[in-house]
Amino acid sequence: MTARTSSSVKGIPTGQTPLGSVKSKAASPSNNDEDAKKQNMDNPTPSVHPIDTLSRKLRQQAMELTHVYEELEKQNVKIDAYKQQIEDQKLQLEKLREKRRKSLDGSSKTSRSSRTTALEQQKRSTQMMIGTPSTGASLGQKREELDCILKEAEREKKKYQLAAKRIEKALVELQVFQNDRMEKLLPSEGELNQVEESCDFQAVLNEQRAYIRVLEEAVHLKATDFEITGHEELLVVLAELRHTIYEQEKDVQEKANVLASIQQQLEQEQQQHLETKNILASTQKQEEEIANRFHEQESAFHVRIHQVEQQLLEKDRHLNQLHSVSTDAQHTEEALQNRLTVATKTQNLTQAKLQDATRSIKSLQEQLHGITSKYKEAQQQVGSLREESSKKQSHLDEMNALQEELLGSVDKYVGKVKKSRDKVDRLEAELESCKEKEALTQKQLQEAARSSDERVSILKAEVDAAEQRTQQIQAQRTALEQEKNRLEDALAEVQQQLEGQEQERNEQQQEIAEKEQRYHQMEEAVAELEAALSTVLMMMLGKTPDPSEKQSMTEDEEDDTDKHAFLLDQSVLRELETCCQALNTLTTENGPKQSTTLCSSFTKILARVATIGERVVNEVNRALASWARERTNLVETCATLDATAKMCQNEMEKRHDEIQDYREQLAERASEVEAYAMQLDTLDEQLRSAQAECEAFYALEEHATRQEEALQAKQALIRDLSAENDRLSAVENAYSVQVATNARYSQRLEDQHEAIKEQKQCAKELEQALENAANFAEEQNECNQQLQSQLAEMEISQRKQADLAKTLEVQNAAFSSRFLRLIKQYTTFLRPVAATDRSLQDHLNLFDAEFQNGDIPRLLQLFPALLEEYISTCTSNPIDSRGGNKSSITSNSTKKKPHRVSPDKPQIEMATTKWQPPTPEPPSSKTPSLPIVLNAAVTRNHRYSIPAEKEEAQLAEQLELIRGAFQSYKGDVETER
153 MTARTSSSVK
163 GIPTGQTPLG
173 SVKSKAASPS
183 NNDEDAKKQN
193 MDNPTPSVHP
203 IDTLSRKLRQ
213 QAMELTHVYE
223 ELEKQNVKID
233 AYKQQIEDQK
243 LQLEKLREKR
253 RKSLDGSSKT
263 SRSSRTTALE
273 QQKRSTQMMI
283 GTPSTGASLG
293 QKREELDCIL
303 KEAEREKKKY
313 QLAAKRIEKA
323 LVELQVFQND
333 RMEKLLPSEG
343 ELNQVEESCD
353 FQAVLNEQRA
363 YIRVLEEAVH
373 LKATDFEITG
383 HEELLVVLAE
393 LRHTIYEQEK
403 DVQEKANVLA
413 SIQQQLEQEQ
423 QQHLETKNIL
433 ASTQKQEEEI
443 ANRFHEQESA
453 FHVRIHQVEQ
463 QLLEKDRHLN
473 QLHSVSTDAQ
483 HTEEALQNRL
493 TVATKTQNLT
503 QAKLQDATRS
513 IKSLQEQLHG
523 ITSKYKEAQQ
533 QVGSLREESS
543 KKQSHLDEMN
553 ALQEELLGSV
563 DKYVGKVKKS
573 RDKVDRLEAE
583 LESCKEKEAL
593 TQKQLQEAAR
603 SSDERVSILK
613 AEVDAAEQRT
623 QQIQAQRTAL
633 EQEKNRLEDA
643 LAEVQQQLEG
653 QEQERNEQQQ
663 EIAEKEQRYH
673 QMEEAVAELE
683 AALSTVLMMM
693 LGKTPDPSEK
703 QSMTEDEEDD
713 TDKHAFLLDQ
723 SVLRELETCC
733 QALNTLTTEN
743 GPKQSTTLCS
753 SFTKILARVA
763 TIGERVVNEV
773 NRALASWARE
783 RTNLVETCAT
793 LDATAKMCQN
803 EMEKRHDEIQ
813 DYREQLAERA
823 SEVEAYAMQL
833 DTLDEQLRSA
843 QAECEAFYAL
853 EEHATRQEEA
863 LQAKQALIRD
873 LSAENDRLSA
883 VENAYSVQVA
893 TNARYSQRLE
903 DQHEAIKEQK
913 QCAKELEQAL
923 ENAANFAEEQ
933 NECNQQLQSQ
943 LAEMEISQRK
953 QADLAKTLEV
963 QNAAFSSRFL
973 RLIKQYTTFL
983 RPVAATDRSL
993 QDHLNLFDAE
1003 FQNGDIPRLL
1013 QLFPALLEEY
1023 ISTCTSNPID
1033 SRGGNKSSIT
1043 SNSTKKKPHR
1053 VSPDKPQIEM
1063 ATTKWQPPTP
1073 EPPSSKTPSL
1083 PIVLNAAVTR
1093 NHRYSIPAEK
1103 EEAQLAEQLE
1113 LIRGAFQSYK
1123 GDVETER
C-alpha cells in the first residue's frame, strides 16, 4: 500500500479555480449525479462519455453481485440452521439412548432375559456411535472434520479482516489526496479575467465529477475482488466531508458579515459614551434619595438591637426553668435505676432457674419418650400378633400422632421461654439507651449554659462599643454622604462602560481565533482527501500483483472449496438415513417392548424424530442441488466481470497518460498555495495592528477621563468616603451576624426544651415497662413453681420407666441370644438343601457373612427372604424332601419348643393361620412382607400326604415364632432410633 501511494501522487487532474467556489459546488453530495448529467448534456466532452458508460456497466454488475452475495449469505444461514438441527437431533438420540440404557439396567435386576435384550441394544447403540461398514465413518471423525472446517473458516475471517483494513487505509489516503488537491487548486488574485475563470471553473467541475465517479467505481471493484462489504458506507463518509466543507465556507462568510456588524457596533458605542456623560447629572439627584434611605435603615437597626436585648432576657429566664426541669429528671432517673437493678437481679435468678429446669425437663422428656415408646410398642406387638396387618398400621399411626403431640407441647414451652428471654434483652437494651441519652442531655445543657453566659457578656460589651462608635461616626457621615454617593455612582457607570467595551473586544478576538482554527482544519481535511485519491488512482493503474498476493488469492479459493466440503460428504447423509431407519424399526412391532412399557409416548417421540431426520436429509439434498446451480451462475458472472475489469484497465491506462500531463500543473498550483500562505501571514499582521490601534483608542479614552477637572479635584474625597463606607458596612455586617447568632441560640434552646420533654416521656414509658417487667417476673415465678411440681412427677415416672427399660434390655439380650442360636440351627438345617439349589446357596452365603459381622437387624431383614427361598425349593420338589428332611425338621422343632416362652417375659399367644384352598395363581418369587410368606407357607397343594402336612404345620409354627420375634425386635430398633 505504501508503494502505491508514493507512485500515485504524481498524476492528478487539476484546474485553476478559487477554493470557495469549488467547495460550494462540490458540497451537496446528493445532487452531484444530477448536476453532472445536466452539464454533460449541455457541454458534451469525448473524455467523459466512455467513463459514464463504463460506470453504468460497473454499477449494474455491482448490483448483480450484491444480489448474488446476499442470496449466498441467506443460503449459508439456512445451511447453518440445518447443521444446528442435525446436532440437536443427535443430542436427542443420545439422550434417548441413555434413557434406554437406564431402563435396561433397571430391568436387568428383575429377569435375565431383559439383560440379553439390553446387551443387544447396547451393541446396536455402540455400532451406531462407532460406525459400521454400511454407515461409513464414525461420528467422532465427523466431529473432528467439523472442527477443522470451523478453524479454516476462522482463518478466512482473519484474511478478510486484513483486506478490509487495507481498503480502509486506501480510503483514508484518498481523502488526504483530495484535501491536498483542493488546496493546490487555489489560483492567485488578479491573474485572469472573470470570463476565463467561469469557463475554467465549469471545466474543472466536470472533470472532478467524472474523476470522483471513476474513483467510486474503482472502490466498488476492489471491494468485490476482496469479497468485502461495507465500502458504500465509506463513500457516504466522503460525500459528508464534501458537505461539511460547503458548510464551513458558509460559516466563513457569515463570520465576515459578523465582523462588519461589530465595527458598526463600535461606532455606536462611541456615541453612547458621549450620552453617558449627560446621564451623570441625572444620577446626582438619585444620590440624595439614597442618603435619606440610609438614615431610615439606621433607625431600623436601633429598634432591632432593643428587640434582641429583650429576647436575651427572656431566654435567660427560660434557661433557669430548664435547669430546674433537668434536676427533677435526674432524681427520677436515679429512682428508676434503683428499681431496674432490683428487677434485673430477679430476672437473672429466674433465667438461671428456668435454664436449669428446661435442661432437666428436656433430658427427662427424652428419656420418658424413649422408655414409653419402647413399652407401648412392646404391648402393641403382643396385640398386633392377634390382629391383622391393617390394625397394626392403625396402631402405629396413633403412636406417631401421640409423639407429635408431645413434641408440640415441648416446642410450645421452649417458645415461651425464648419469648421471655427476648423481652428481658429488650428491656436491658432500652435501659442502656436511656442512660446514654440522659448523659448526653446533661452534657449538652451544661455546655449550652456556659456558652450562653459567655456570649451574652460578649454581646453586651460589643453593643456598648457599637453605640459609642455610631455616635462618633454619625457627625462625620452626614457631611460626606452626599459627595460620596455622587462620585460613587459616576465611577460605577464609567467602569461599567469600560468593562463592556473590554468584553466586546475579547469576544472579537475569540471569534478571530476560532476562524483561524477552522481554516487550518479545512486545510487538513483537503490534504487528507488528496492523499486518499492518490492511493485509489494507484490502485486503478492496474499494476501486476505481488507473488504474495497471488498466493493469498489461491489460498482463499482453496479455503472456499473446503468450506462446503462437509455438506458434499455423502457419508453424513448416509449416517442420517441409517439413524432414521433405526428409529423407524424401534417404532414398529419388531422393536423392544420395554420402551413401550416404560413410556407410552416413546414410539410417538421416535416417529417424530425420524420424520424430522428425513425432512432434514431432503432439505439438505435440495440445498446442495440449488447451491450447485448458483455456483455455475456465479462462475459465469465472474467471467463477465473479468472481461469488464480488463476493459477498465485499458481505460485506466489512458487516464494515466492524462494524469502525467497534469503533474506539471500541480507544481504551479503549489507555488500558488505558497503565495496564499504569504497572504495569510500579512492578514495576521494586519489583525495585530488593528488590535494595537484598539488598545491605543482605549488608552486615549482613559486619558481623557483622567484629564477632567471635576474628577481630579474629588478623587481624594471619594477615597476617604469609600473607606468610611466600608467601615460602616462592616459594622452593619457585624450587627447582622450577631442577630443571626442570637436567632440560632434561641432555636437551639427551644430544641433542647423539646428534647427534655421527650426525655420525660421516655422516662414515663420506662416506668411502665419496669412495672410490666415486675408483673412478668411474678408470672414467671408462678410458672417456675408449676414446673418444679411437674419435674417431681416426671422424676417419679422416670424411675418407673428406668426399671421398665432395664427389664426390656434383659429381654432384648435374651432374644438376641435365642435368635442367634435359632439362626445357627436353621443354617445347619439348610446346608444340605442349599447344595442342590444355587439361589438358596447364595442367600446362605450372604446370611453367613452378616452372621459373622453380628448385625442382628440385617439378619432379621434377610431371614424372611431365606425362608421364602427354602419354601419355594420345598414346593418345587416335595417328594424328594419328605423323607430326608423330616427328621431334621422334627429335631429342630423339639429344640425350639423349650425356648418358645421364657419365665422372664410374659407369655405371648401365637395366632396360627387356618388352612386355605389352593389359589390358581402361582406364588411370587420375591415378596417383602411376612404375612404373604405365611400365606405362601400355608396355601400348598392339598394333594400332599399326611406326613407332608405335619411337616408344613411344624414349619408354620416355626415361622410364627420367628415372625413374632422379628416384629418385637424391629419395634425395639425403631424406638431406639
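Going by the working numbering, the first residue of the sequence shown is number 153, and it counts up by one from there. Glycine residues also receive a C-beta, built at the ideal position from the N, C-alpha and C atoms.
From residue i to residue j, what does the alpha carbon distance come to, in whole angstroms?
i	j	result
THR428	GLU439	17 Å
ASN192	GLU406	Annotation note: pLDDT 45 at ASN192 (below 50); position unreliable, no value reported.
CYS800	LEU411	51 Å
GLU816	GLU810	11 Å
GLN499	GLU590	24 Å
SER841	GLU419	19 Å
SER141	LEU1012	Not covered by the structure: residue 141. The range shown for the chain is 153 to 1129.
GLY522	LEU943	17 Å
ASN877	ASN658	33 Å
ALA860	HIS425	Contrary to the premise, residue 860 reads as Glu rather than Ala in this sequence. Rounded to whole angstroms, GLU860 to HIS425 spans 15 Å at the Cα level.
LEU1014	LEU960	24 Å
ALA775	LEU243	23 Å
SER991	GLN237	51 Å
LEU592	ARG602	16 Å
GLN963	ARG951	19 Å
ALA1174	LEU583	The chain is shown only over 153 to 1129; residue 1174 falls outside these bounds and no answer can be derived.
GLN899	THR893	10 Å
LYS247	GLN241	10 Å
GLU529	ALA1017	25 Å
ASP641	LEU869	14 Å
ARG307	LYS798	30 Å
ALA915	SER515	43 Å
GLU599	HIS454	31 Å
ASN936	ILE513	12 Å
ASN1005	ARG295	53 Å
LYS505	GLU931	14 Å
ASP549	GLN519	21 Å
VAL769	TYR1022	60 Å
Whose C-alpha, out of the options, is nearest the C-alpha of residue i?
i	options	result
ARG896	THR763, GLN463 and VAL576	GLN463
ASP508	LYS251, LEU939, SER603 and PRO1009	LEU939
LEU918	CYS586, GLU225 and GLU934	CYS586
ASP1000	ASP989, ALA965, LYS976 and PHE981	LYS976
ALA481	ARG307, HIS905 and GLN963	HIS905
LEU224	LEU786, ASP1007 and GLN417	LEU786
GLU771	ALA851, GLU529 and ASP232	ASP232
ASP468	GLU902, ALA929 and PRO1009	GLU902
ARG871	ARG638, VAL889 and TRP779	ARG638
ASP616	HIS458, THR484, GLN655 and GLY567	HIS458
GLU1020	LEU996, GLN489 and GLN1004	LEU996
GLU663	LYS230, LYS317, ASP403 and GLU1109	ASP403
Just to check, is the beta-carbon of residue i closer than 7 Å to a non-hydrogen atom of the ligand ADP?
i	result
LYS958	As for the ligand ADP, it is missing from this structure, which has no ligand bound.
**Message:** Tell me whether the region 917-926 and the region 567-587 touch, counting them as touching only if at least three CB pairs, one residue from each stretch, are closer than 8 Å.
**Reply:** yes
**Prompt:** Can you find at least 3 beta carbon pairs, one from the region 477-485 and one from the region 891-911, that sit closer than 8 Å?
**Reply:** yes
**Request:** Could you tell me whether the region 243-254 touches the region 788-797, using the rule of 3 or more Cβ pairs below 8 Å?
**Result:** no
**the region 973-989 contacting the region 945-963, beta-carbon criterion three pairs below 8 Å** = no
**Item:** Every unbroken alpha helix (DSSP H) within the region 936-982, with a cutoff of 4 residues, ordered by chain
**Value:** none
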